[in-house]
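See structure below.
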Amino acid sequence: MRVVLVAMALLGATGAWAAAWAAPLSVRVLYLDRQAERPPILATLDVPPDDDGPQGARLATADNASTGVFLNHAYALDVVTVAPDADFVAAGAAALAEGRDLIVTNAPAADLLALADLPQARDALIFNAGATDDALRGADCRANVLHAMPSRAMLADGLAQFLMKRRWDKWFLIEGQGPGDAEFAAALRAAATKFGARIVAERRWAFDADMRRNAAEEFPLFTQGVEHDVIVVADEIGDWARYLPYNTWLARPVAGSEGLTPRAWSAANENWGAGQLQSRFQRQAGRPMLDRDYAAWAALRSIGEAVTRTGAADAPTLRAYLLSDAFTLAGFKGAPMTWRRWDGQLRQPVFLAHPRAIAAVAPVEGYLHQANTLDTLGTDAPETLCAAF
Amino acid sequence: MRLALPLVLALAATPPMAAEIWISNEKDNTISVIDVATLEVSRTIEVGKRPRGIIFSRDYSKVYVCASDSDTVQVIDPDSGAVLHDLPSGADPEQFALHPDDRLLYIANENDAVTTVVDTESRAVIAQINVGVEPEGMAVSPDGRIAITTSESTNMAHWIDVETHTLFANSLVDQRPRHAEFTHDGARLWVSSEIGGTVTVFDVATQAELAKIRFEIAGVRAEQIQPVGIRFTPDDKFAFIALGPANRLAVVNMETFEVEDYVLVGRRVWHMAFSPDARLLFTTNGVSGDVTVIDVAARAAIKSIKVGRFPWGAAARP
Numbered sequence: 001m002r003v004v005l006v007a008m009a010l011l012g013a014t015g016a017w018a019a020a021w022a023a024p025l026s027v028r029v030l031y032l033d034r035q036a037e038r039p040p041i042l043a044t045l046d047v048p049p050d051d052d053g054p055q056g057a058r059l060a061t062a063d064n065a066s067t068g069v070f071l072n073h074a075y076a077l078d079v080v081t082v083a084p085d086a087d088f089v090a091a092g093a094a095a096l097a098e099g100r101d102l103i104v105t106n107a108p109a110a111d112l113l114a115l116a117d118l119p120q121a122r123d124a125l126i127f128n129a130g131a132t133d134d135a136l137r138g139a140d141c142r143a144n145v146l147h148a149m150p151s152r153a154m155l156a157d158g159l160a161q162f163l164m165k166r167r168w169d170k171w172f173l174i175e176g177q178g179p180g181d182a183e184f185a186a187a188l189r190a191a192a193t194k195f196g197a198r199i200v201a202e203r204r205w206a207f208d209a210d211m212r213r214n215a216a217e218e219f220p221l222f223t224q225g226v227e228h229d230v231i232v233v234a235d236e237i238g239d240w241a242r243y244l245p246y247n248t249w250l251a252r253p254v255a256g257s258e259g260l261t262p263r264a265w266s267a268a269n270e271n272w273g274a275g276q277l278q279s280r281f282q283r284q285a286g287r288p289m290l291d292r293d294y295a296a297w298a299a300l301r302s303i304g305e306a307v308t309r310t311g312a313a314d315a316p317t318l319r320a321y322l323l324s325d326a327f328t329l330a331g332f333k334g335a336p337m338t339w340r341r342w343d344g345q346l347r348q349p350v351f352l353a354h355p356r357a358i359a360a361v362a363p364v365e366g367y368l369h370q371a372n373t374l375d376t377l378g379t380d381a382p383e384t385l386c387a388a389f
Numbered sequence: 001m002r003l004a005l006p007l008v009l010a011l012a013a014t015p016p017m018a019a020e021i022w023i024s025n026e027k028d029n030t031i032s033v034i035d036v037a038t039l040e041v042s043r044t045i046e047v048g049k050r051p052r053g054i055i056f057s058r059d060y061s062k063v064y065v066c067a068s069d070s071d072t073v074q075v076i077d078p079d080s081g082a083v084l085h086d087l088p089s090g091a092d093p094e095q096f097a098l099h100p101d102d103r104l105l106y107i108a109n110e111n112d113a114v115t116t117v118v119d120t121e122s123r124a125v126i127a128q129i130n131v132g133v134e135p136e137g138m139a140v141s142p143d144g145r146i147a148i149t150t151s152e153s154t155n156m157a158h159w160i161d162v163e164t165h166t167l168f169a170n171s172l173v174d175q176r177p178r179h180a181e182f183t184h185d186g187a188r189l190w191v192s193s194e195i196g197g198t199v200t201v202f203d204v205a206t207q208a209e210l211a212k213i214r215f216e217i218a219g220v221r222a223e224q225i226q227p228v229g230i231r232f233t234p235d236d237k238f239a240f241i242a243l244g245p246a247n248r249l250a251v252v253n254m255e256t257f258e259v260e261d262y263v264l265v266g267r268r269v270w271h272m273a274f275s276p277d278a279r280l281l282f283t284t285n286g287v288s289g290d291v292t293v294i295d296v297a298a299r300a301a302i303k304s305i306k307v308g309r310f311p312w313g314a315a316a317r318p
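Protein chains in written order, with the working numbering: chain A, 1 to 389; chain B, 1 to 318.
Here is the structure:
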């Protein structure tokens, strides 16, 4: 277990302020990062950064700290990286034993639930900034866990809204065999039902040939024989679907895990003042912001906003404020973001992006909701299986 | 005929001054100059990268433009359109305010969490003040004693003592404060919160919150109502608030703080400028790339004028 401590010290320039006041309110957050073994993928040069998540947490802590300077609130972030074979729960338990009850995790569902179910975590506040599992917002929800990462259902619903708006309602679904592919394919099927698309063909990609050489031969044949508007793919680890665009039998767009992807964040977003956030992030991390960075940023900024408005730093007070009508977060996605009271999910727009631009933002214009259009994405209150809230 | 000639020549040498509205086009690196009499673009002037904030000197002999991506404030001769010189501005200047002394510029540096004070005569930075994250709105009180910076991510209006260039108060407002404006009498400060969807009114003497103005428009999603620009009629009776992607201005009674009217304009309305006689109001509509002209008394749009890409700021000269 490697421990990286990032202390956000008060700036010298504002020392006069701090000195005149009492001891600052201390807000110390633990970021628990489970390093997972990545399955090998075909594209060997495309190695994702291993700090997707912690960098977002750092940036938000710096943002919070510069507000804290004016209010005598001192923010600190501990980033703890847990190796694939190390004990994740023990790392969290150590922090809880010290009374540190604000935890942000980037971890699979099993780790997250084991941590949340510790007796000493009952009154803690844990932010899921990594797992997209719908079950975590449904039957497996926990009252002490909030979800900053969008669920697969939200992502699939966002994509479905856009495809329906374009009247591309005949989908050809291709499902991979990698981790998460079955779950994402299920979310795509549910979204098709919800928004009225038809899945006209469904195939499983189970070949293990090297697609860098064979894509041109394999994919035209594989996608032959069915009239469709769009191919939607489930390939969460980014293994094979990247070789599909332009190699389809018919001239059809590819969406889902490849092509037009629904996501929490995009490096192409420069609307709603996001340019400053992107450049602050780039300066700090030396790379563009990714989805888990954004989820961690949103979790930490939510904590900061709650501390700013309540003047408190304990988990129960912050949780109550986050779930109240008073809370909103400006998330650089064009709509105020809030937390759902039935499953602890952060309401947020979903970008429909390709690498160089955002094609659209969901909720797509025209999809209405009686309370909040953001609730057209994911599981709404009447359908929730979550009973913990 | 012959007698008339010298007169014509004289006129040509000093063209008659018509009132103008200057519009900065964020994604064209240009200024569009609108003739108030004809309501047409009379000139297009090339400036630095990503021009946003725009303001005239008191005697209208100079115009200052924040060229955000050139990291400078440009000083332009409004008659010739020539860039006279650049001013140091700190990185990424977005909005600024000119002190009533006609000399000091207060500049919000969006990427740096500082407010920079520049002396336009000596062309030197005389102070930098640490403020919250993403400073944007800038205003100086009419008596010249207080400067305000709003910081978008910190969600505060920072009150700066102009004499000492230190902060003496910080007021929390709703999410993403975009713009600050003192009333002409200097008694009140209005701050718009883009994502919060509200405008907060402060009593300047006590920095106490007097009112919070909310907006509601039938058929427009609440999250699209994003207040940004603020302008007051010269008599401080009515405030015009630009509501961003709601594509409307709100007209607010400044005594009761009631919203009296909404005026439909172009897409993503951002900032505004009154004509010098205050009978017309010009709005910058970023997404539709045009300027809507409002008849102030009738509270109705009378014309759209195509300008450059992403018009942002607006300033008038008589």
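Each residue gets a CB set at the ideal place from its N, CA and C atoms; glycine is no exception.
So, for residue i: in the same chain, excluding its five sequence neighbours on each side, which residues have a beta-carbon less than 7 Å away from its beta-carbon?
i	result
Thr14(A)	With a pLDDT of 42 at Thr14(A), under the threshold of 50, the modelled position of this residue cannot be trusted; read the value that follows with caution. Around Thr14(A): Val69.
His184(B)	Pro142, Phe232, Pro234 and Asp236
Asp119(B)	Arg103, Leu104 and Ile126
Looking at the strands, I want to know which residues DSSP matches up with residue i.
i	result
Asn109(B)	Pro93(B) and Val114(B)
His158(B)	Thr149(B) and Asn170(B)
Leu125(A)	Leu102(A)
Cys66(B)	Val73(B)
Glu37(A)	DSSP lists no partner for Glu37(A).
His147(A)	Asn128(A) and Gln345(A)
Lys303(B)	Val293(B)
Leu290(A)	The partner list for Leu290(A) (beta bridge, DSSP) is empty, contrary to what the question assumes.
Pro88(B)	Thr72(B)
Residues of chain B with CB closer than 7 Å to the CB of residue i, please, in chain order.
i	result
Pro336(A)	Gln175, Ile195 and Glu223
Asp63(A)	Val133 and Ser153
Ala330(A)	Gln175, Arg176 and Ile195
Ser279(A)	Asn111
Give me the chain A residues within the contact set of residue i, using Cβ-Cβ distance strictly less than 8 Å, ordered along the chain.
i	result
Met156(B)	Thr67 and Phe70
Ala67(B)	Those do not exist, as Ala67(B) stays about 15 Å from chain A at its closest Cβ, beyond 8 Å.
Asn253(B)	In chain order: nothing, as chain A lies at least about 26 Å away.
Leu323(B)	As displayed, chain B neither begins before 1 nor continues past 318, which places residue 323(B) out of reach and without an answer.
Run through chain B and tell me which residues come within less than 9 Å of residue i, C-beta to C-beta.
i	result
Asp325(A)	Neighbours of Asp325(A) on chain B: none; closest Cβ ~13 Å, over 9 Å.
Ser302(A)	The contacting residues do not exist; Ser302(A) stays about 12 Å from chain B at best.
Classify residue i as helix, strand or coil using the three-state DSSP reduction.
i	result
Phe172(A)	strand
Ser80(B)	coil
Leu39(B)	coil
Met138(B)	strand
Leu427(A)	Given a span of 1 to 389 for chain A in the structure shown, any question on residue 427(A) remains unanswerable.
Val353(B)	Coverage of chain B is limited to positions 1 through 318, which leaves residue 353(B) absent and any answer about it impossible.
Met254(B)	coil
Lys212(B)	strand
Leu189(B)	strand
Using a Cβ-Cβ cut-off of 6 Å (strictly less than) and excluding sequence neighbours within five positions of residue i, which residues of its own chain qualify?
i	result
Ala16(A)	Interpretation of Ala16(A) is limited by its pLDDT of 41, a score under 50 that renders its predicted location unreliable; the figure taken from the coordinates is listed afterwards. Excluding sequence neighbours, Ala16(A) sits near nothing in its chain.
Asp71(B)	Ala91
Ala7(A)	Because Ala7(A) carries a pLDDT of 41, less than 50, the predicted location of this residue cannot be relied on, and the following value inherits that uncertainty. Excluding positions up to five away in sequence, the list reads Ala76.
Ala216(A)	Asn247
Gly395(A)	Because residue 395(A) is not part of the residues shown, which for chain A are 1 to 389, the question remains open.
Indicate whether at least one CB of chain E lies closer than 9 Å to the CB of residue i.
i	result
Leu167(B)	Among the protein chains in the structure shown, which are A and B, there is no chain E.
Note down the Cα distance separating residue i from residue j, rounded to an integer number of angstroms.
i	j	result
Phe389(A)	Ala222(B)	26 Å
Ala113(B)	Ser302(A)	20 Å
His85(B)	Ile126(B)	18 Å
Ala18(B)	Pro78(B)	12 Å
Gly266(B)	Asn269(A)	23 Å
Gln226(B)	Arg176(B)	10 Å
Gly311(A)	Trp205(A)	53 Å
Pro262(A)	Arg242(A)	15 Å
Thr328(A)	Phe222(A)	47 Å
Ala13(B)	Ala316(B)	Unreliable placement is indicated for Ala13(B), whose pLDDT of 44 sits below 50; the coordinate value is still reported in the next sentence. Cα to Cα, Ala13(B) sits roughly 23 Å from Ala316(B).
Leu155(A)	Ala255(A)	12 Å
Once you ignore the five residues that flank residue i on each side, which residues in its own chain have a CB closer than 8 Å to its CB?
i	result
Arg167(A)	Asp229
Ala91(A)	Met1, Leu32, Val80 and Val82
Glu163(B)	Arg145
Say yes only if the C-beta of residue i is nearer than 8 Å to one or more non-hydrogen atoms of the ligand ATP, and no if none qualify.
i	result
Leu105(B)	Absent from the structure shown: the ligand ATP. Ligands present: none.
Please list the partners that residue i has in chain A, where partner means a Cβ-to-Cβ separation under 9 Å.
i	result
Ala113(B)	Ser66
What residues from chain B crowd round residue i, counting only those whose CB sits closer than 8 Å?
i	result
Thr373(A)	Arg221 and Glu223
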